[in-house]
Amino acid sequence: MIPSKPEVANTGNVAPVVSGAPRRRSAGWVKQYGGILTGLLVLVVLFWRLSRNFMAVGNLLNIVLQVSITAVLAFGMTYVLLLGEIDLSVGATVALTGTVAALGLEHGLWLWIVLPLALLAGLALGAINGVLSSLLSIPSFIVTLATMGVFRGLAYILSAGVPITVENERFVRLGNGSLLSVPLPIWTLLVLFVANQFILSKTVFGRKVYLAGGNPEAALYSGVNVRGLRTLIFMLSGLMAGISGVLLTARLYSAQPNAGMGYELDAIAAAALGGTSLSGGYGTVTGTLVGALIIGVINNGMNLLSVPYFYQLIVKGLVILAAVGIDVQSKKHRS
20 MIPSKPEVAN TGNVAPVVSG APRRRSAGWV KQYGGILTGL LVLVVLFWRL
70 SRNFMAVGNL LNIVLQVSIT AVLAFGMTYV LLLGEIDLSV GATVALTGTV
120 AALGLEHGLW LWIVLPLALL AGLALGAING VLSSLLSIPS FIVTLATMGV
170 FRGLAYILSA GVPITVENER FVRLGNGSLL SVPLPIWTLL VLFVANQFIL
220 SKTVFGRKVY LAGGNPEAAL YSGVNVRGLR TLIFMLSGLM AGISGVLLTA
270 RLYSAQPNAG MGYELDAIAA AALGGTSLSG GYGTVTGTLV GALIIGVINN
320 GMNLLSVPYF YQLIVKGLVI LAAVGIDVQS KKHRS
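The sequence shown begins at 20 in the working numbering and counts up by one.
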């Protein structure tokens with residue numbers, strides 16, 4: 020005689036808890052992030068062995084502080100890459116939005132007007148990229164390569180080619196102040212990380228991004244407005260670049276027309292290192308944050324070891340190449 024299954028109490032619509040579910044979820048998390056977290060840990064141990072100053076609390080806080088601006092930029096880049104697109108104009112957007120903020124303060128505008136104005140400028144610049152790419156069917160690589168020059172040129176024109184000093188103490192505090200002994204840019208990074216993680220993993224909009232990036236035709240048949248979604252994604256990228264521009268301007272006490280040069284490569288590298296597929300449809304904000312930390316650790320470690328800047332550029336290039344190679348190989352395994 021086969022014994023009957025024990026009854027499981029279930030109130031309401033709550034499903035019975037399966038004891039193996041948390042283990043499977045944790046195993047999936049380790050499989051997804053274990054590799055890059057191991058890489059980060061190896062780098063930390065390596066630089067700690069090479070320089071005892073590396074593990075100082077002040078230096079570790081400095082790494083996260085330096086990473087905060089790049090990581091925020093990379094969050095926006097993650098959305099773009101998830102669609103299989105690219106945004107090369109984010110560095111120039113950082114410079115132009117910072118210039119807009121500094122000019123507003125210089126002309127006596129209130130802070131509560133200047134901040135939304137800078138962020139709206141970022142949204143507008145992103146919208147330009149999105150509209151040109153979507154409506155005119157121009158590849159985003161070409162569009163953002165062109166607007167990178169246009170936005171950078173506008174930053175030079177508006178600033179007359181010289182830095183604009185910022186003397187507003189409340190604005191400067193955004194980049195140099197602290198809360199509970201933690202720099203404000205790090206708090207900004209944490210808030211944006213949670214917000215973007217929620218958007219991509221818990222909302223319909225996030226599911227549309229993954230669907231449109233992984234299979235655009237299926238997204239169209241499912242009723243997703245892919246062109247409209249692409250424009251919104253570039254606007255999000257512009258918004259993240261605008262926030263980075265404000266933080267960088269506040270941190271430097273000035274807006275500089277050459278600010279953010281090369282930041283687009285750091286943002287792409289952070290997302291790619293974090294597992295975001297350059298062909299779209301696969302990636303997470305969590306991975307991007309870890310990727311940004313890896314780049315921050317590499318930069319900080321090489322600075323402590325007095326490695327010349329041009330050698331650091333070579334290392335960054337090799338890191339991007341390695342990330343793309345890993346992405347291609349992992350895509351083969353997934354297919």
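For every residue, glycine included, the Cβ atom is placed at its ideal position computed from N, Cα and C.
In this text, all values refer to a predicted model and were calculated from it rather than measured experimentally.
{"Query": "For G233 and G299, which I take to be in contact (beta-carbon distance under 8 angstroms), what is that distance rounded to the nearest angstrom?", "Result": "6 angstroms"}
{"Query": "Which of the three DSSP states, helix, strand or coil, is assigned to L155?", "Result": "coil"}
{"Query": "According to DSSP, S241 sits in a beta bridge with which residue or residues?", "Result": "Answer is none; S241 lacks a bridge partner."}
{"Query": "Give me the Cβ distance between M259 and G95, rounded to the nearest whole Å; I'm assuming they're in contact under 8 angstroms.", "Result": "3 angstroms"}
{"Query": "At least one CB of chain C closer than 8 angstroms to the CB of L255: is that the case?", "Result": "The structure shown contains no chain C; it holds only a single protein chain."}
{"Query": "On the DSSP letters alone, give me the boundaries of the alpha helix (DSSP H) that Q275 sits inside.", "Result": "Premise fails: Q275 is in no alpha helix (DSSP H) and is neither H nor E."}
{"Query": "Which of the three DSSP states is assigned to V201 in this structure?", "Result": "strand"}
{"Query": "Tell me the DSSP secondary structure of T295 in three-state form.", "Result": "coil"}
{"Query": "Output the distance between the C-alpha atoms of S153 and N215, rounded to the nearest integer angstrom.", "Result": "23 angstroms"}
{"Query": "Could you give the DSSP three-state label for I183: helix, strand or coil?", "Result": "strand"}
{"Query": "From L56, L203, V133 and Q275, pick the residue whose C-alpha is nearest to that of I176; which is it?", "Result": "Q275"}
{"Query": "Which whole-angstrom value describes the C-beta separation of L203 and R192, a residue pair presumed to lie in contact below a C-beta threshold of 8 angstroms?", "Result": "7 angstroms"}
{"Query": "Report yes if the C-beta distance between G172 and G257 is below 8 angstroms; otherwise report no.", "Result": "no"}
{"Query": "If I measure Cβ to Cβ from A146 and keep anything under 8 angstroms in the same chain, skipping five residues before and after, which residues do I get?", "Result": "T250, F253, M254 and G257"}
{"Query": "Considering only the alpha carbon of each residue, which of V245, V63 and G53 lies closest to L323?", "Result": "V63"}
{"Query": "Can you check whether the CB of A120 is closer than 8 angstroms to the CB of A137?", "Result": "yes"}
{"Query": "Apply the 10 Å Cβ neighbour rule to G57 and answer buried if 16 or more other Cβ atoms are within range, or exposed otherwise.", "Result": "The sequence given here has Thr at residue 57, not Gly. It is exposed - the Cβ of T57 has fewer than 16 other Cβ atoms within 10 Å."}
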